[in-house]
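Okay, so the sequence shown: first residue is 162 according to the working numbering, each after it adds one.
Glycine residues also receive a C-beta, built at the ideal position from the N, C-alpha and C atoms.
Owing to the predicted nature of the structure, the values given are computational and were not obtained by experimental measurement.
Right, one structure below, let's go through it.
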Amino acid sequence: MSMLDIYLLRHGQTAWNADNNRYCGRTDIPLTAKGLQQAEAVRAQLQSVVFESVYSSPLERARNTAAIASGRTVITDERLIEADFGQWEQKTKEEFIAEDPQLWHNWSNDPAIHRAGGTGETGLEIVTRMDDFFQSLLQRHQQGNILVAAHNGVNRLYLAHKLGMPLRNYRMLILDNATVTVFRLSDNEPFALHHLNTKYSS
Numbered sequence: 162m163s164m165l166d167i168y169l170l171r172h173g174q175t176a177w178n179a180d181n182n183r184y185c186g187r188t189d190i191p192l193t194a195k196g197l198q199q200a201e202a203v204r205a206q207l208q209s210v211v212f213e214s215v216y217s218s219p220l221e222r223a224r225n226t227a228a229i230a231s232g233r234t235v236i237t238d239e240r241l242i243e244a245d246f247g248q249w250e251q252k253t254k255e256e257f258i259a260e261d262p263q264l265w266h267n268w269s270n271d272p273a274i275h276r277a278g279g280t281g282e283t284g285l286e287i288v289t290r291m292d293d294f295f296q297s298l299l300q301r302h303q304q305g306n307i308l309v310a311a312h313n314g315v316n317r318l319y320l321a322h323k324l325g326m327p328l329r330n331y332r333m334l335i336l337d338n339a340t341v342t343v344f345r346l347s348d349n350e351p352f353a354l355h356h357l358n359t360k361y362s363s
């Protein structure tokens with residue numbers, strides 16, 4: 162039987178997060194100075210936790226947050242990459258809604274079947290790859306704590322899925338930069354959320 166405690170970490174601040182939450186998506190931009198400080202603060206708070214392994218999205222902002230917060234070698238996995246936001250990439254919500262309000266309406270009402278930004282991923286595609294990643298962890302590790310650094314969009318959609326929420330409600334789950342959400346995964350027990358959006362930095 163496998164039983165893992167997952168520490169799901171959202172990356173620290175980027176310049177686009179600070180710019181009215183401009184959608185980063187697959188764009189590989191670095192952490193700001195504040196983002197680096199946030200990652201250091203997470204490390205200080207998690208110093209008593211022994212991690213069996215550390216995984217991350219391949220994007221720099223997540224990979225560096227994981228490395229700083231854990232002080233460990235980071236294993237990157239493409240399944241943890243942020244959502245492909247299609248035409249919304251590099252824009253704020255206000256900007257892309259003004260350009261094509263129907264795209265946002267479709268996504269907001271049923272992201273499971275509609276493509277983000279018209280040409281990006283569906284919510285179902287995102288939760289399928291995220292679930293595939295976490296199921297692979299249960300095959301690879303028997304027990305212990307695992308740190309996983311990823312992104313706001315994919316983290317919230319995955320959590321909504323595992324909690325049995327309609328995917329359209331994923332935005333009800335708030336995950337700030339450099340916060341940790343802790344849940345337990347088991348191959349024979351239900352998903353269990355222990356902590357949501359634990360803020361270890363200012």
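Check                                                                                                                                                               : Outcome
In chain order, what residues of the same chain have a beta carbon less than 8 Å from the beta carbon of Leu318, not counting five sequence neighbours either side? : Ala244, Pro272, Gly284, Ile287, Val288, Met291, Leu328, Tyr331
Look up Arg171 in the DSSP assignment and give the residues it is bridged to.                                                                                       : Ala311
If you draw a straight line from the C-alpha of Ser363 to the C-alpha of Ala200, how long is it?                                                                    : The predicted position of Ser363 is uncertain, since its pLDDT is 43 and thus under 50; a value taken from the coordinates is nonetheless stated next. Answer to the nearest angstrom: the Cα atoms are 11 Å apart.
Under 7 Å from any heavy atom of the ligand SAH, does the C-beta of Gly305 make it?                                                                                 : Of the ligands one can find in the structure shown there are none, so the ligand SAH has no counterpart to examine.
According to the neighbour-count rule (16 or more other Cβ atoms, all chains shown, within 10 Å of its Cβ), is Ala179 buried or exposed?                            : exposed
So what does DSSP say about Phe352, is it helix, strand or coil?                                                                                                    : coil
Use the C-beta contact count for Val309: other C-beta atoms within 10 angstroms, 16 or more gives buried, fewer gives exposed.                                      : buried
Skipping 5 residues on each side, what residues in its chain have a beta carbon closer than 6 Å to that of His356?                                                  : Val343
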